[in-house]
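J.: Going down the list, the protein sequences come from chains D and R. Under numbering that gives the first Met the number 0, the first residue of the first sequence carries the number 0, and numbering increases by one thereafter. Under numbering that gives the first Met the number 0, the first residue of the second sequence carries the number 0, and numbering increases by one thereafter. Each residue gets a CB set at the ideal place from its N, CA and C atoms; glycine is no exception. From a predicted model like this one, the values you see are computed outputs, not experimental measurements. My structure is below; once you've seen it, I'll send some questions.
Protein chains: 2
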Amino acid sequence: MPTIQGAVEAALEPLIGHAARVSSAGRTDAGVHAAMQVATFVTRTVRTPQAVRDGLNARLPAEIACLSAEPVHASFDPRRDPHTKTYRYTWLISDAPRPLRRGRAWRSRRQLDVQRMAESVLCLIGTHDFTSFRAAGCSATHPVRTIMDATVVVSGDEVHLRLLGTGFLRHMVRIVAGSVHEIGQGRQEASWLREVLEARDRGRAGRTAPAQGLLLERIVYDA
Amino acid sequence: MPTIQGAVEAALEPLIGHAARVSSAGRTDAGVHAAMQVATFVTRTVRTPQAVRDGLNARLPAEIACLSAEPVHASFDPRRDPHTKTYRYTWLISDAPRPLRRGRAWRSRRQLDVQRMAESVLCLIGTHDFTSFRAAGCSATHPVRTIMDATVVVSGDEVHLRLLGTGFLRHMVRIVAGSVHEIGQGRQEASWLREVLEARDRGRAGRTAPAQGLLLERIVYDA
Chain D
0 MPTIQGAVEA ALEPLIGHAA RVSSAGRTDA GVHAAMQVAT FVTRTVRTPQ
50 AVRDGLNARL PAEIACLSAE PVHASFDPRR DPHTKTYRYT WLISDAPRPL
100 RRGRAWRSRR QLDVQRMAES VLCLIGTHDF TSFRAAGCSA THPVRTIMDA
150 TVVVSGDEVH LRLLGTGFLR HMVRIVAGSV HEIGQGRQEA SWLREVLEAR
200 DRGRAGRTAP AQGLLLERIV YDA
Chain R
0 MPTIQGAVEA ALEPLIGHAA RVSSAGRTDA GVHAAMQVAT FVTRTVRTPQ
50 AVRDGLNARL PAEIACLSAE PVHASFDPRR DPHTKTYRYT WLISDAPRPL
100 RRGRAWRSRR QLDVQRMAES VLCLIGTHDF TSFRAAGCSA THPVRTIMDA
150 TVVVSGDEVH LRLLGTGFLR HMVRIVAGSV HEIGQGRQEA SWLREVLEAR
200 DRGRAGRTAP AQGLLLERIV YDA
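Right, dumping it as structure tokens:
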């Protein structure tokens, strides 16, 4: 399967004159969009960062772009250096498909109880064992993660779940979204999410929400 | 070339059990998006409007959707009944391509002078001969149109030109956008747009802005 990393490495080689391995802050599942990503490579090129950015954009497929390029210290590791990520999960409340937002949201025909959803996710804030929201194939060595903020807000005909954290387990945001969806539909109380979290049992959570609703919105490194 | 009208007619026939001709408020150029459109057809079906909407959405390609369906008086003609349309033209100010907004905006590397652009478009409000902003192949019988509102605003990293009017000539919004772009770049004064309008000469206006920046945002019929 083609990967973004592979496409960037292929575009980079003719530009910098040698092969280079691109390391990023993490991969996203197929169907998940990313508004940004941070990646590094080691090069002997004399091109300026701006020329590398423009050269990459001339060579990359239209689905991938280099927003900016800058030199970093050789010790900088986008995966291991301390950073936070913001993920957004989007529901679209609509009786009909909306082609202009195709592949960008999970459509719900019924209005969701956003107040109840917003209340439910507060229990996720803090450092917790997120085993209940971890996909079977997750390769992380431990299931404890820190979530700094968790919100659910209405934006026009969309509902946005945002999670800000230092790291995420495999499918974690999508399993949280699938669970919060049940609360929004009125099939569970707001307090149910805390019960699921504390159970440390994937079987207690909701289903994994579809990939197309998920966006990696932001990655910020500690100054 | 496939048309939206053709796709809707093809989806409709098996649903209502007979062929029907679909009439809309107007066509948009290739590459232009529409957030909504109003279209009518005559049918003998016993299906409810909701069932027609859902049946259409099950059969239509993913790029087209029926947002709602309702019965109207037989005399209603979406093209001729009095209505207003709102078109939005979008510039994206960015040094790099932005894949999530691909095909939705005209990218400008340099910031545009939005204040000057906003000032320039005020001259379009009113009933004017828009010959200067009319494409060569335009089939309209006369070049006079009424514009009720014209604004240019910043929205995040985008600049939006909105024109509200009772009717538009071929490529009219795109030629206005191409002209306003020159003002935003500082290559013309704000007052230049009025000179172009008054000249009634297509040769005086800017180039036709690319189709992907244009969105038919709204159509409203007189109550």
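Go through its chain and collect everything with a Cβ distance to A210 (chain D)'s Cβ below 8 Å, but skip five positions before and after it.
T.: For A210 (chain D), where only same-chain residues beyond five positions count, the Cβ hits under 8 Å are D28, A29, G30, V31 and R173.
J.: What runs of the beta strand (DSSP E), each 3 residues or longer, lie entirely inside the region 84-118 of chain D?
T.: Listed in chain order, they are 105-107.
J.: Do R199 (chain R) and S131 (chain R) have their beta-carbon atoms positioned less than 8 Å apart in this structure?
T.: Taking 8 Å as the Cβ cut-off, S131 (chain R) and R199 (chain R) qualify as a contacting pair.
J.: By the 9 Å beta-carbon criterion, what residues does the region 86-99 of chain R contribute toward chain D?
T.: Within the region 86-99 of chain R, the residues whose Cβ lies closer than 9 Å to some Cβ of chain D are S93, D94, A95, P96, R97, P98 and L99, listed in chain order.
J.: Would the region 158-178 of chain D and the region 82-89 of chain D be scored as touching if the rule is three or more Cβ pairs under 8 Å?
T.: Yes, they touch.
J.: Entirely within the region 151-210 of chain D and at least 4 residues each: give me those alpha helix (DSSP H) ranges in chain order.
T.: Within the region 151-210 of chain D, the complete alpha helix (DSSP H) runs of at least 4 residues are 171-183 and 191-198.
J.: Is it buried or exposed for V143 (chain D), if we count other Cβ within 10 angstroms and need 16 for buried?
T.: It counts as exposed.
J.: Can you give me the C-alpha to C-alpha distance between A117 (chain D) and M147 (chain D), rounded to a whole angstrom?
T.: About 15 Å.
J.: Of all the CB atoms in chain R, is at least one closer than 8 Å to the CB of A189 (chain D)?
T.: For A189 (chain D), the answer is no, since every Cβ of chain R falls outside 8 Å of its Cβ.
J.: Please classify Q110 (chain R) as buried or exposed, where buried requires at least 16 other C-beta atoms within 10 Å of its C-beta.
T.: With fewer than 16 Cβ atoms within 10 Å of its Cβ, Q110 (chain R) is classed as exposed.
J.: Among R:S190, R:A9 and R:A176, which one has its Cα closest to the Cα of F40 (chain R)?
T.: F40 (chain R) has its Cα closest to that of R:A9, out of R:S190, R:A9 and R:A176.
J.: Using a Cβ-Cβ distance cut-off of 8 Å, determine whether H32 (chain D) contacts chain R.
T.: Taking Cβ atoms only, chain R reaches closer than 8 Å to H32 (chain D), which makes this a yes.
J.: Between the Cα of E197 (chain R) and those of R:E181, R:L123, R:T150 and R:R169, spot the shortest distance and give me the residue it belongs to.
T.: That would be R:L123, whose Cα lies nearest to the Cα of E197 (chain R).
J.: Using three-state DSSP, classify D53 (chain R) as helix, strand or coil.
T.: Three-state DSSP puts D53 (chain R) in a helix.
J.: May I ask which residues mark the beginning and end of the beta strand (DSSP E) holding G212 (chain D)?
T.: Careful: G212 (chain D) lies outside any beta strand (DSSP E) and carries neither H nor E.
J.: Measuring CA to CA, which of D:L11, D:L14 and D:R26 is closest to T2 (chain D)?
T.: Here the closest residue by C-alpha is D:R26.
J.: Please list, in chain order, the chain R residues whose beta carbon lies closer than 8 Å to that of I63 (chain D).
T.: Ordered by position in chain R, the residues that pass the 8 Å Cβ test against I63 (chain D) are P98.
J.: So is M171 (chain D) buried or exposed if we call it buried at 16+ other beta carbons inside 10 Å?
T.: So M171 (chain D) counts as buried.
J.: Near A6 (chain R), which residues of its chain fall below 7 Å by C-beta distance, leaving aside the five closest residues on each side in sequence?
T.: Within the same chain, A6 (chain R) has close Cβ partners L59, P60 and I63.
J.: Please name the residues in the region 64-75 of chain R whose beta-carbon is closer than 9 Å to at least one beta-carbon of chain D, in chain order.
T.: So the close ones are A64, C65, L66 and S67.
J.: Straight-line CA distance for H141 (chain D) to H72 (chain D)?
T.: Using only the alpha carbons, I get a separation of about 29 Å.
J.: Using only the alpha-carbon positions, how far apart do S93 (chain D) and L11 (chain R) sit?
T.: When rounded, the distance between both Cα atoms is 21 Å.
J.: Could you give the C-beta distance for G183 (chain D) and R115 (chain D), rounded to a whole number, given that I count them as a contact under 8 Å?
T.: Correct: roughly 7 Å between the Cβ atoms.
J.: Which residues in chain R sit within 7 Å of R52 (chain D), going by Cβ to Cβ distance?
T.: A95, listed in chain order.
J.: Nearest CA to the CA of D156 (chain D): which residue from D:A104, D:H82 and D:S74?
T.: For D156 (chain D), the nearest C-alpha among the options comes from D:A104.
J.: I need the straight-line Cα distance from E194 (chain R) to R52 (chain D), nearest angstrom please.
T.: Going by the C-alpha atoms only, they are around 40 Å apart.
J.: Do we get a CB-CB distance below 8 Å when we pair R245 (chain D) with the residues of chain R?
T.: Outside the shown range of chain D (0 to 222) lies residue 245 (chain D), about which nothing can therefore be said.
J.: Pull the bridge partners of I218 (chain R) from the DSSP assignment, please.
T.: R:K84, per the DSSP bridge assignment.
J.: In the DSSP assignment, what are the bridge partners of H32 (chain R)?
T.: Paired residues: R:L214.
J.: Given this structure, state the Cα-to-Cα distance separating W191 (chain R) from Q4 (chain D), to the nearest angstrom.
T.: If I take the Cα positions, the gap works out to 48 Å.
J.: Report the option in R:G212, R:A57 and R:V21 whose CA atom is closest to the CA atom of A176 (chain R).
T.: Considering only alpha carbons, the answer is R:G212.
J.: Does R101 (chain R) have its Cβ less than 8 Å from a Cβ in chain D?
T.: So yes, R101 (chain R) belongs to the interface.
J.: Nearest to L66 (chain R) by CA position, among R:A139, R:S154, R:A33 and R:G125, is which residue?
T.: For L66 (chain R), the nearest C-alpha among the options comes from R:A33.
J.: Determine, using beta carbons only, whether P77 (chain R) and S23 (chain R) come nearer to each other than 8 Å.
T.: For P77 (chain R) and S23 (chain R), yes; Cβs fall inside 8 Å.
J.: What does the alpha-carbon distance come out to for the pair V45 (chain D) and V219 (chain D)?
T.: Answer to the nearest angstrom: the Cα atoms are 28 Å apart.
J.: So what's R78 (chain D) in DSSP terms, helix, strand or just coil?
T.: Coil at R78 (chain D), not helix or strand.
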